[in-house]
Amino acid sequence: MSKKMKLIVVHVLIGASIFYFLIHPISVVLYWFEYTNTEYSFLKFMEILRERLSESFSFNMQRMSISFGVLGSILGLISGIFWVKLKEKETLIKKQKQLLKNDILNLIELGENNWVEFKSSMKYDYFKKTPNKELEIVIAKTIVGFINGKGGKLIIGVDDEGKILGIENDFKTLKHQNKDGFERNVFRIISTYIGQEFCYKTQVLFYQINEKEICLVHIEPSKKPAYVTDGKKTTFYLRTGNATYPLSVKETVTYLESRKT
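Laid out in structure tokens, this is it:
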């Protein structure tokens with residue numbers, strides 16, 4: 089017998105036992121209260137339950153006992169099948185998470201390229217050992233470069249050499265020091281420096297590797313050009329090779345024209 093079948097059988101037996109030995113006697117007692125029109129109390133209920141317990145399993149009540157047992161078995165069967173399906177789904181999710189984790193490790197191992205960029209942090213400055221708001225603009229430039237190019241993945245919490253640093257230091261710089269707070273801050277950077285409409289071009293995911301959290305920002309390309317606005321300065325950036333470069337006005341016009349052909 090397979091493990092799944094054993095689990096279903098156990099649920100069936102538990103369901104049958106509960107309904108046969110518990111629900112059935114209780115139903116008999118409740119019926120007695122209704123039939124005799126006796127005022128209900130817990131003490132009276134327990135007294136009648138003791139009196140009627142043996143009667144519930146008598147030959148005269150056999151058909152009712154079997155009916156309750158069958159009902160319990162059916163509910164146990166449904167519960168068992170549901171439990172098996174739930175476990176199968178959990179196993180599938182675990183496998184998918186492991187596959188995704190392996191994919192991330194492969195990306196990190198391959199290093200930075202036209203579609204992948206590493207950033208040590210979003211806001212925490214490892215050199216100054218303090219939060220640095222200027223790093224947010226660096227994040228915005230990278231995202232814009234991918235949007236204007238062919239899309240890509242920004243991995244935060246990994247340095248240029250592929251060493252996993254984690255984003256725990258970034259958490260400490262946030263009002264909400266968790267993944268939700270980090271995700272909200274990514275979208276705030278996009279809304280502030282690029283434009284709220286480009287939030288729909290990004291997806292923020294988190295992975296735990298070597299007991300450290302890292303963030304992967306998946307960025308889709310856009311037909312509409314995106315710019316980084318820092319104060320009064322607006323700049324067009326493009327991902328080329330393993331770096332992101334600013335384009336002059338002339339270069340931007342030429343590039344956008346080339347995309348139409």
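Note that my numbering numbers the sequence shown so that position 174 is 262, with each residue one more than the last. Cβ atoms here follow ideal geometry from the backbone N, Cα and C, with glycine treated the same way.
On a Cα-Cα basis, can you pick out the residue from the options that is closest to residue i?
{"i": "Lys285", "options": "Ile243, Ile96 and Val232", "result": "The residue asked about is misnamed: residue 285 is Glu in this sequence, not Lys. Residue Val232 is the option with its Cα nearest to Glu285."}
{"i": "Tyr325", "options": "Lys238, Thr230 and Ser279", "result": "Thr230"}
{"i": "Leu56", "options": "Arg327, Leu262, Lys263 and Gly245", "result": "Absent from the structure is residue 56, since the part of the chain shown begins at 89 and ends at 349."}
{"i": "Pro309", "options": "Thr332, Thr328, Gly239 and Ser167", "result": "Gly239"}
{"i": "Ile297", "options": "Ala331, Leu253, Ile162 and Asn273", "result": "Leu253"}
{"i": "Gly250", "options": "Ile196, Asp268, Glu222 and Glu256", "result": "Ile196"}
{"i": "Pro322", "options": "Lys241, Ala314 and Met152", "result": "Checking the sequence shown, residue 322 turns out to be Thr, not Pro. When only C-alpha atoms are compared, the closest one is Ala314."}
{"i": "Gly288", "options": "Asn202, Ile235, Asp248 and Ile169", "result": "The residue asked about is misnamed: residue 288 is Tyr in this sequence, not Gly. Measuring from the Cα of Tyr288, the nearest candidate turns out to be Ile235."}
{"i": "Val172", "options": "Glu299, Lys91, Thr280 and His306", "result": "Lys91"}
{"i": "Leu137", "options": "His112, Lys177 and Ser346", "result": "His112"}
{"i": "Leu262", "options": "Thr124, Trp120 and Met210", "result": "Met210"}
{"i": "Glu224", "options": "Ile192, Lys267, Thr280 and Thr342", "result": "Thr280"}
{"i": "His274", "options": "Ile307, Lys300 and Asp248", "result": "One point to set straight first is that residue 274 is Val, not His, in the sequence displayed. Among Ile307, Lys300 and Asp248, the Cα nearest to that of Val274 belongs to Ile307."}
{"i": "Gln194", "options": "Lys241, Met152, Leu159 and Gly283", "result": "In the sequence as displayed, the identity of residue 194 is Asn instead of Gln. For the residues Lys241, Met152, Leu159 and Gly283, the minimum Cα distance to Asn194 belongs to Lys241."}
{"i": "Tyr295", "options": "Gly237, Asp191 and Lys260", "result": "Asp191"}
{"i": "Ser208", "options": "Val226, Leu198, Asn201 and Asn202", "result": "Val226"}
{"i": "Phe156", "options": "Lys320, Thr126 and Ile114", "result": "Ile114"}
{"i": "Glu200", "options": "Ser336, Tyr119 and Asn330", "result": "Asn330"}
{"i": "Glu205", "options": "Glu339, Tyr128, Thr179 and Leu304", "result": "Leu304"}
{"i": "Val158", "options": "Gly103, Phe130 and Asn202", "result": "Gly103"}
{"i": "Asp268", "options": "Ile282, Gly283, Gln291 and Glu345", "result": "Gln291"}
{"i": "Asp247", "options": "Ser153, Tyr212 and Leu344", "result": "Tyr212"}
{"i": "Asn257", "options": "Lys300, Ile277 and Gly237", "result": "Lys300"}
First and last residue of the beta strand (DSSP E) that includes residue i?
{"i": "Tyr333", "result": "Ala331 to Leu335"}
{"i": "Leu352", "result": "Since the first and last residues shown for the chain are 89 and 349, residue 352 lies out of range."}
{"i": "Lys94", "result": "Premise fails: Lys94 lies in the alpha helix (DSSP H), Lys91 to Ile106, not in any beta strand (DSSP E)."}
{"i": "Lys87", "result": "The requested residue 87 does not occur in the structure, where the chain is confined to residues 89 to 349."}
{"i": "Thr317", "result": "Tyr315 to Asp318"}
Is residue i near the ligand NAP, going by C-beta to nearest heavy atom under 7 angstroms?
{"i": "Ser155", "result": "With respect to the ligand NAP, the structure shown offers nothing to examine, as it has no ligands at all."}
Locate the alpha helix (DSSP H) running through residue i, then write down its first and last residues.
{"i": "Leu326", "result": "Here Leu326 belongs to no alpha helix (DSSP H); instead the beta strand (DSSP E) covers Lys321 to Thr328."}
{"i": "Leu244", "result": "The residue you asked about is not Leu; residue 244 is Ile in the sequence shown. Where Ile244 is concerned, there is no enclosing alpha helix (DSSP H), although the beta strand (DSSP E) it sits in stretches over Gly240 to Ile244."}
{"i": "Tyr119", "result": "His112 to Thr124"}
Return the bridge partner residues of residue i from the DSSP annotation.
{"i": "Tyr295", "result": "Ile302"}
{"i": "Ile307", "result": "Gly240 and Thr290"}
{"i": "Phe206", "result": "Ile243"}
{"i": "Thr218", "result": "Asp213"}
Quiz item: Using 8 angstroms as the threshold, is the region 94-105 in touch with the region 159-170, meaning 3 or more CB pairs across them?
Solution: yes
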